Structure formats: C-alpha cells, structure tokens
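Before any comments, here is the structure.
In my numbering, the protein residues as written are 147 to 201.
Structure representation (structure tokens):
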C-alpha cells in the first residue's frame, strides 16, 4: 500500500510542472520589477543632480 502512495506522489510531482513554472515566472517578474525600479530611481537621482549643477 505504501508503494502505491509513493508512486502516486511521484506522479503528482511530475504533473505539477505548471505550478513550478508559474512560481518561476512570478519570481522572474518580481525580480524584473525590482531591477527596473532601481534603475528608474537611480536615473531620476542623476537627473536631479545634473539639474542642480546647471542651475
């Protein structure tokens, strides 16, 4: 009986590839959002500094 449950668990893991892919996509999009936010903020600070220099 335990071997049947083990086989079923393995089959469930194999069929859950979509869940793993969704998790990776979620992580990737979060990482991309953070990266973009960092560069937007960094560029905004540079623009402010340049404006101070020219004024």
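Backbone N, C-alpha and C define an ideal beta-carbon position, used for all residues, glycine too.
Note that the coordinates shown come from a computational prediction; the quantities given were computed from them, not determined experimentally.
Should residue i go down as buried or exposed, given a rule of 16 or more other Cβ atoms within 10 Å for buried?
i: residue 181; result: exposed
Leaving out the 5 sequence neighbours to the left and right, which residues in its chain are closer than 7 Å to residue i when beta-carbon positions are compared?
i: residue 109; result: An answer regarding residue 109 cannot be provided, because it is not within the stretch 147 to 201 covered by the chain.
How long is the line joining the alpha carbons of residue i and residue j, rounded to whole angstroms?
i: residue 196; j: residue 177; result: 29 Å
i: residue 172; j: residue 179; result: 11 Å
i: residue 199; j: residue 188; result: 17 Å
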